[in-house]
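J.:
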Amino acid sequence: MSEDEHNNRKHLRHRTLKEGLVSFQHDELTVPCTVRDKSESGAKLQFAGPVSLPESFFLTIPLDGAKWPAAVEWSKGMTCGVRFTGPAEASSIHNNQFIKPYRPAPDAVPQADAAVAPAQSAHQPIHKKPFGRRK
0 MSEDEHNNRK
10 HLRHRTLKEG
20 LVSFQHDELT
30 VPCTVRDKSE
40 SGAKLQFAGP
50 VSLPESFFLT
60 IPLDGAKWPA
70 AVEWSKGMTC
80 GVRFTGPAEA
90 SSIHNNQFIK
100 PYRPAPDAVP
110 QADAAVAPAQ
120 SAHQPIHKKP
130 FGRRK
């Protein structure tokens with residue numbers, strides 16, 4: 000995209016990587032997608048394979064808790080650009096996509112490591128041939 004085309008946009012695009020869901024026929028048919036870019040007026044969607052979308056559908060982004068009525072503006076391979084045709088609505092589909100860190104207790108010993116440690120000491124060390132070219 001040239002610099003002139005970028006400056007002519009009405010709304011600033013934000014790069015994103017969110018799970019999305021395209022739904023149509025009263026939410027009976029759905030197609031999962033990845034939302035790659037999003038602005039106030041539309042989004043760029045990426046699909047896992049070739050897909051044929053109807054003229055109008057809803058784009059749901061579970062992490063945002065919203066869905067937008069949308070229409071396809073352009074399509075190229077497994078990627079397409081959509082234009083939002085109305086305001087966002089609250090979505091009943093909502094996923095919490097949070098990663099909880101694993102922090103073991105300071106004195107806790109994992110079960111697998113405790114059971115394996117005594118067994119390893121009883122075995123003789125394994126001597127492997129050196130890696131690389133021999134001289």
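Just so it is clear: in the sequence shown, position 50 is 49 by numbering that gives the first Met the number 0, and no numbers are missing. We put the beta carbon where it would ideally sit given N, CA and C, even for glycine.
Find out if the Cβ-Cβ distance for the pair G76, A42 is shorter than 9 Å.
T.: The count along the sequence shown starts at 1 and reaches residue 76 at position 77. The count along the sequence shown starts at 1 and reaches residue 42 at position 43. No; because the gap between Cβ atoms is not below 9 Å, this pair is not in contact.
J.: Kindly indicate which three-state DSSP category L44 falls into: helix, strand or coil?
T.: Reading the sequence shown from its first residue, position 45 is the one you call residue 44. In the structure shown, L44 sits in a strand (DSSP, three-state: E or B).
J.: Measure the alpha-carbon distance for S74 versus Q45 and round it to whole angstroms.
T.: Within the sequence shown, the letter at position 75 stands for residue 74. Within the sequence shown, the letter at position 46 stands for residue 45. Roughly 10 Å separates the two Cα atoms.
J.: Are S143 and P68 close, meaning C-beta to C-beta below 9 Å?
T.: Beyond the ends of the chain as shown, which are 0 and 134, falls residue 143; an answer cannot be given.
J.: Is R35 helix, strand or coil when you go by DSSP?
T.: Within the sequence shown, numbered from 1, the residue matching residue 35 stands at position 36. Reduced to three states, the DSSP call for R35 is strand.
J.: Pick helix, strand or coil for S22, following the three-state DSSP scheme.
T.: As a first step, residue 22 must be located in the sequence shown, where it is residue number 23. The answer is strand: DSSP assigns S22 an E or B state.
J.: Compare the Cα-Cα distances from R82 to each of K66, E27, A47 and report the closest residue.
T.: Within the sequence shown, residue 82 is the residue found at index 83, counting from 1. Comparing Cα-Cα distances from R82 to each of K66, E27, A47, the minimum goes to K66.
J.: Between the beta-carbon of D36 and the beta-carbon of T59, is there less than 9 Å?
T.: In the sequence shown, the residue the question calls residue 36 occupies position 37. In the sequence shown, the residue the question calls residue 59 occupies position 60. Cβ atoms of D36 and T59: not closer than 9 Å.
J.: In whole angstroms, what is the alpha-carbon distance linking T29 and D106?
T.: Locating residue 29 in the sequence shown gives position 30, where the first residue counts as 1. Locating residue 106 in the sequence shown gives position 107, where the first residue counts as 1. Rounded to the nearest angstrom, the two C-alpha atoms are 48 Å apart.
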